[in-house]
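Taking it in order: structure first as C-alpha cells, then the write-up.
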Amino acid sequence: MSKQRIIVVGNGMVGHKFIDTIISDDSVDYEVITFSEESRLAYDRVQLSYFFSGKSADDLALTDATYYQENGIKFVLNDKVVDLDFANKQVVTQSGRIEDYDKLVLATGSFPFVPPIPGNDQEHCHVYRTIDDLEGITESGKTSKVGVVIGGGLLGLEAGNALVNLGLETHIVEFAPRLMAVQLDDGGGALLRRKIEDLGVKVHTEKATSEIVAGEFCRYRMNFADGSFLETDTIIFSAGIRPQDELARSSGLTIGERGGIVINNHCQTSVADVYAIGECALWENFIFGLVAPGYQMAKVAASHIKGEAKHVFTGADMSTKLKLLGVDVASIGEVHGRTAGAQSYTYHDEIEQVYKRLIVSADGKKVVGAVLVGDVEAYGSLLQLMLNDMDLPENPSALILPTAGDEQASGLGVEALPDSASICSCFDVSKGDIKEAVAAGCTSMSELKGSTNVSTGCGGCSSLAKQVLDSELANLGFEVKNDICEHFAYSRHELVDIIRVKKIKTFDEMLNRCGEGLGCEICKPAVGSILASYWNDYVLEDAHIELQDTNDIYLGNMQKDGTYSVVPRVAGGEITPDKLIVLGSVAKEFDLYTKLTGGQRVDLFGAQLHELPIIWKKLIDAGFETGHAYGKSLRTVKSCVGSTWCRYGVKDSVGFAIEIENRYKGLRSPHKIKFGVSGCTRECAEAQTKDVGLIATDKGWNMYVCGNGGMRPRHGDLFATDLTDEMLQKYTDRFLMFYIRTADRLQRTSVWLENLEGGLDYLREVIIEDKLNIAEELESEMAENIKNYQCEWKTTIESPEKMKRFKHFANSEELDNSLSFTTQREQRFPSSKASAQPIKIIELTE
Amino acid sequence: MKAELSQEWITICEQQDLTPNAGTCVQFNKEQVAIFFCQRNKSLYAVANFDPIGQANVISRGIMGSIQGKTYVSSPLYKQHFDLITGECLESPEHSLKTYAVRVDDELIQLKEAC
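Protein chains in written order, with the numbering used here: chain U, 1 to 846; chain H, 1 to 115.
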C-alpha cells in the first residue's frame with residue numbers, strides 16, 4: 001500500500017505546527033505537501049514586531065527548506081490553492097497544478113480587516129500581518145513624520161510600537177471608548193492609555209474614521225465622523241482579523257454566519273477527510289485569534305489523522321500576558337462582568353501606575369478573571385488557579401496587593417501546582433512535561449527550551465518555567481553549576497567571597513588556593529576586577545598585568561588597527577573653554593580623530609602606543625585625569641544643565657553629577673556603570689536608561705536603578721523617592737557594592753536585577769531595610785575604595801619603569817610600519833583592511 | 001641572506017624585559033614577533049605578532065591562558081585563540097600564526113627561525 005498523502009494548505013505557524021507534529025511521530029509515515037501563497041516558509045508572527053528591533057526574516061523563521069527536505073516534505077511557495085475538488089480528492093493551484101490527497105488540512109489563517117473607508121487603499125496605507133507588510137511600513141516610514149494606527153487592540157498597539165521605533169510621531173485611533181477593549185476593563189484600559197501617552201504616543205478613542213483624503217500639512221488627512229480630523233503620512237489598519245475562508249467557501253464547505261470554517265472537536269470540517277485548524281476555523285461559533293489554540297488544533301487534527309483520537313479540542317483559554325510599548329499588560333479569563341454574581345478586588349496605585357483587578361466567583365472561591373496593567377507578576381499564579389480550578393487562598397486580595405516582605409506568602413508556590421498544570425500555552429507544555437525533561441537530564445533553561453520548546457513562543461511563561469525547573473532540580477538534589485571557567489569551579493560571586501574572606505591579593509595566590517591550569521581570558525580579568533574592587537590597587541602592578549585586557553594594560557580602548565583611543569574624564573559633562581582648547585590642540589598635534597561620545601565627553605582616536613604617555617602627560621598637566629573608558633568601571637555621569645541655568649530645573653543636576661562622578665570614579669565592577677542625573681522630571685539626561693538614574697523633584701531625588709540603553713534597552717525601576725543627598729549617597733554606595741559583590745562577570749545591572757532572586761523588592765530589602773545586615777560593611781568597602789582612588793595615567797607617567805611598556809618593540813625604537821591612514825571629512829581614519837570578510841567575534845559571555 | 005641568518009640564535013633582549021605571563025613584541029629579521037613568558041610552567045613561546053583575522057600587529061597584547069592543558073594566546077581584537085606551541089588558530093585553523101624558536105641563554109632572550 002502506498003503512503004497516505006496529506007496536503008496542508010497554508011504554511012503559517014499553525015500549518016507548520018501540524019507538519020512538525022505529524023513528522024515527529026516515527027511510527028507513521030506520510031507523504032506531506034504544503035502550499036503557501038507567501039514567498040517564505042513558516043515564520044513567527046507572534047514575534048513579528050521584533051523585525052523593527054533588528055531581527056531579520058531569517059531570525060523569525062520557524063523552519064527552513066533544508067529541514068523540510070530532510071524530512072521528505074514537499075513545499076510549494078508563491079502558489080495559492082484556488083480550488084478544492086472533494087469528489088476526486090484533489091487540490092488545484094493558481095498555476096494549474098493538481099495534486100491528490102488522502103487527507104486535506106486547511107490552515108489558511110486570517111487576513112486583516114480593513115474598514116471600508118473611502119481612501120483606504122492609498123500607497124502609504126498598510127496592514128500588519130506579514131513580513132512583506134512590515135517591509136512596506138518601513139519604506140513608508142522613510143518619507144513620513146507622522147503615523148497613525150487605526151485600531152487600539154493588541155495588534156494595533158504592536159503596530160504603534162513599530163511606528164515609534166521608526167521614529168514617527170505616533171497616533172492610535174480607536175473606535176471603542178478604551179484601548180484593548182476585548183482584554184481590559186475600563187480601569188485597566190485607562191491606565192494603559194495614560195502610560196502609553198506618557199511615552200509620547202497620542203491616543204484618540206471613540207473616533208470613527210469616515211474618509212482619508214489629501215492632507216494639508218501631511219500626506220493624508222483622516223476625517224472623523226464627529227467632524228474632527230487628524231493629519232498623517234502613514235496609516236496602518238489594525239481593526240481586527242477575519243478568517244481566511246474564501247477557498248473553503250467557494251468549494252462548498254460549511255461556513256459560519258460571520259465567516260470561519262465550521263469544525264467539530266476533532267477539527268473535522270463538513271466534508272470527510274478535510275480538516276481546518278487555526279484562525280480560519282470556527283469552533284462552537286468562535287474564532288481563536290491566538291497561536292496557542294491554533295497549536296492545540298494542530299495536535300488534535302494530527303492525532304485524529306493518525307487514528308488515535310487521543311486529543312480533542314474543547315476550547316482554549318484566551319488569557320494573555322504581553323508587553324506593549326514597554327507596558328506590561330495581562331488579561332485572564334472573563335473580565336467583562338458576564339459571570340453571574342462575580343465580585344472583584346481592585347488595586348489601583350496611581351503613583352506607581354499599577355492597576356490590578358481580580359474577579360472571583362459568587363462564592364469567592366475561584367478565579368473568574370483578572371486584569372493586570374503595569375505589574376503582571378501575579379499572572380502566572382492567577383492563571384494557574386483558574387486553569388486548574390484551584391481554590392483561592394483565604395485572603396484573595398493578597399494575590400494582587402504589592403508583596404510586603406515574604407515573596408512566597410502571596411505568590412503561588414510552584415510546588416502546589418498539579419502535574420497537569422499548563423505552563424506554556426504556546427507549546428502546550430505542562431509541569432509534568434518539565435519534570436520529565438529534568439528527570440531526563442535537563443539542568444538549564446536553554447536545555448529545557450531545546451527539549452520541550454517551553455518559553456520559546458511568546459515567552460510569557462519564562463519565569464514560571466524557570467521556577468518549575470529550579471524546584472525540580474532542587475527536588476532531585478541537583479546542584480546548579482555556575483563555574484566561571486575550567487580553571488575555577490566557582491561562580492564570580494563565590495570568587496568574590498573567597499577573595500574577601502581569605503584576603504587574597506594576587507592571581508597566583510588565587511590559582512594556588514582554588515584553581516588549576518594557567519587561567520584564561522575569562523577568569524583572569526574577572527579576578528583582576530575583583531582584586532581591584534576590593535583592594536583598589538593600581539591596576540598596572542606587575543602581578544596584575546597578566547590579568548588585564550589590553551585596554552586595561554594600555555589604559556585606552558584598542559581600535560581595529562591596534563591603535564588606542566584617549567578619553568579624559570569630563571565629570572558631569574561640564575568643561576571649561578580652556579580645557580576644551582587643550583583637547584583640541586592635543587588632538588591636532590597628534591592628528592587624532594575627534595568625536596563626541598554619548599556620555600558627554602570627547603573621544604580622541606588613533607594614538608599609537610609610544611604616543612599615549614606623551615598625550616596623557618599633556619592632558620594631566622592641563623588638569624585632566626583618566627576617564628576609565630577602557631575599564632569595567634564607572635564611565636560617565638550624564639547630566640542636564642539643571643537649575644543653575646534651566647528655567648524648569650528644580651535642582652543643580654550638573655553640580656550633583658560632578659560630585660557623584662568624582663565619588664565613584666575608578667571603581668572596578670563586573671561591567672561598566674553609567675549614571676544619569678536630571679534636574680527635573682523632563683528627564684533630559686535620560687537617567688532612566690542608566691544603571692543608576694537620579695531625577696530631581698521638589699522634595700529631593702527619585703532614584704532609578706538597573707536601566708540600560710544599548711543592545712537590550714531597559715527602563716530603570718523606581719527604587720526610592722524623595723531622597724536627601726545624604727540618603728541617596730548611602731543607598732548608592734550600598735547598591736554599587738552589592739552589585740559588585742554578587743553579579744556575574746560582564747553582567748550589567750539590568751540583567752543582574754532580572755536574575756536576582758526576589759527581584760526589586762529583595763533589592764530594596766537589602767539596600768534600604770538592610771535585611772542582610774551588611775549595609776555598614778558595604779558602605780565601608782566603598783569608603784575604602786574612594787580613599788584609594790588614583791588616576792592610573794598619572795601613576796603611570798610618573799613611573800619610568802611603567803613607561804617602558806609604551807613602545808611597539810621591546811628591542812627597537814621603530815614604529816609599527818603596517819599602520820596606514822586615509823583622510824575623510826578633514827580627519828584621519830584607519831585605511832580599510834584588505835580582508836572584507838565578516839569577522840566572527842568569539843563570545844566570552846557564556 | 002635570510003636563510004643564513006635563520007641558522008643562528010639572535011639575541012633580542014634581556015629576560016627582565018619580558019613581563020611574566022604576558023606578551024612582548026620584538027623585532028627579529030625585520031619581522032614582528034610576539035614572545036610570551038609563562039612563569040607558571042617556566043616556558044617561552046614565540047609567534048608572529050600579526051593577527052591574520054583582525055589584520056593588525058597586536059598578538060603580543062593578548063591574554064595568555066590554557067584550555068585543557070594547551071597554552072594559548074587570545075587575540076585582543078576578536079578573541080580567537082592561538083596555540084602558542086603550534087601557532088594554530090583553534091577556531092579557524094586556516095589562519096595560523098608562524099612560530100619561532102626561542103630560548104633564554106644567560107638571561108638573554110634569543111630567537112631563530114623554527115626548523
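Glycine included, each C-beta is placed from N, C-alpha and C at the ideal position. Note that the coordinates shown come from a computational prediction; the quantities given were computed from them, not determined experimentally.
Can you name the start and end residues of the alpha helix (DSSP H) that residue i belongs to?
i, result
"proline 445/U", "The residue asked about is misnamed: residue 445/U is methionine in this sequence, not proline. Counting along the chain, the alpha helix (DSSP H) containing methionine 445/U begins and ends at 445-452."
"cysteine 514/U", "507-514"
"phenylalanine 288/U", "Neither: phenylalanine 288/U is in no alpha helix (DSSP H) and is coded neither H nor E."
"threonine 732/U", "725-742"
"isoleucine 615/U", "612-621"
"cysteine 523/U", "523-535"
"aspartate 349/U", "Careful: aspartate 349/U lies outside any alpha helix (DSSP H), inside the beta strand (DSSP E) at 343-349."
"arginine 242/U", "From DSSP, arginine 242/U is part of no alpha helix (DSSP H) but of the beta strand (DSSP E) over 241-243."
"proline 93/H", "Run containing proline 93/H: none; DSSP gives neither H nor E here."
Can you tell me whether residue i is helix, strand or coil according to DSSP?
i, result
"alanine 225/U", "coil"
"lysine 771/U", "coil"
"phenylalanine 113/U", "coil"
"lysine 321/U", "strand"
"isoleucine 85/H", "coil"
"lysine 195/U", "helix"
"threonine 644/U", "helix"
"asparagine 702/U", "strand"
"glutamate 661/U", "helix"
"valine 61/H", "One point to set straight first is that residue 61/H is arginine, not valine, in the sequence displayed. Reduced to three states, the DSSP call for arginine 61/H is helix."
"methionine 297/U", "helix"
"aspartate 328/U", "strand"
"arginine 492/U", "helix"
"tryptophan 9/H", "coil"
"serine 831/U", "coil"
"methionine 13/U", "helix"
"valine 104/H", "strand"
"threonine 795/U", "helix"
Counting only the same chain and skipping the five closest in sequence on each side, list residues whose C-beta sits under 6 Å from that of residue i.
i, result
"isoleucine 236/U", "His126, Tyr128, Val149, Ala159"
"leucine 580/U", "none"
"alanine 276/U", "Leu106, Ile261, Ile263, Thr269"
"aspartate 733/U", "Glu779, Met782"
"serine 74/H", "Gly62, Ile63, His81"
"leucine 583/U", "Val602"
"leucine 464/U", "Gly380, Ile423"
Chain A partners of residue i, CB-CB under 8 Å?
i, result
"lysine 42/H", "Absent from the structure is chain A; the protein chains it does hold are U and H."
Quick check on the DSSP output: the beta strand (DSSP E) that includes residue i runs from which residue to which?
i, result
"valine 8/U", "4-9"
"serine 210/U", "209-214"
"methionine 386/U", "Segment 379-387 is the alpha helix (DSSP H) holding methionine 386/U; no beta strand (DSSP E) there."
"valine 148/U", "146-150"
"serine 639/U", "634-639"
Take residue i and list the residues in its own chain whose beta-carbon comes closer than 8 Å to its own, dropping the five residues that flank it on each side.
i, result
"glutamate 14/H", "Glu107, Leu108, Ile109"
"leucine 753/U", "Val705, Cys706, Asp717, Gly759, Leu760, Leu763"
"lysine 89/U", "Asp100, Tyr101, Asp102, Leu104, Asp273"
"valine 201/U", "Gly160, Val164, Thr170, His171, Ile172, Leu325"
Quick one: residues in its chain with C-beta nearer than 7 Å to the C-beta of residue i, no 5 flanking neighbours on either side, listed in chain order?
i, result
"lysine 651/U", "Gly642, Ser643, Gly679, Ala696"
"isoleucine 615/U", "Val566, Val586, Phe590, Ala607"
"serine 831/U", "Ser820, Phe821, Thr822"
"phenylalanine 488/U", "Leu495, Cys514, Gly515, Cys523"
"glycine 405/U", "Because the pLDDT at glycine 405/U is just 37, under 50, the model does not fix this residue reliably, and the value given afterwards should be weighed accordingly. Closer than 7 Å at the Cβ level, and outside the excluded window around glycine 405/U, lies no residue."
"glycine 256/U", "Val262, Leu282, Asn285"
"proline 20/H", "Phe37, Gln39"
"glutamine 408/U", "Low per-residue confidence applies at glutamine 408/U: pLDDT is 40, beneath 50, and the placement is therefore not dependable enough to give any value."
"leucine 756/U", "Tyr762, Leu763"
Three CB pairs or more closer than 8 Å across the stretch 502-510 of chain U and the stretch 450-470 of chain U
Inter-segment contact for the stretch 502-510 of chain U and the stretch 450-470 of chain U is absent: fewer than three beta-carbon pairs are separated by less than 8 Å.
Note down, one range per segment and in chain order, each beta strand (DSSP E) of at least 3 residues found wholly within the stretch 17-97 of chain U.
Runs found: 30-35, 73-76, 81-85, 90-93.
Closer than 8 Å is the cut-off here; do at least three beta carbon pairs connect the stretch 284-303 of chain U with the stretch 431-442 of chain U?
Contact between the stretch 284-303 of chain U and the stretch 431-442 of chain U is absent, because fewer than three Cβ pairs lie under 8 Å.
Would you say the stretch 79-87 of chain U touches the stretch 41-54 of chain U, given that touching needs at least three Cβ pairs under 8 Å?
Result no; under three Cβ-Cβ pairs closer than 8 Å.
Would you call the stretch 376-386 of chain U and the stretch 191-205 of chain U touching, i.e. three or more CB-CB distances under 8 Å?
Short answer: they don't touch.
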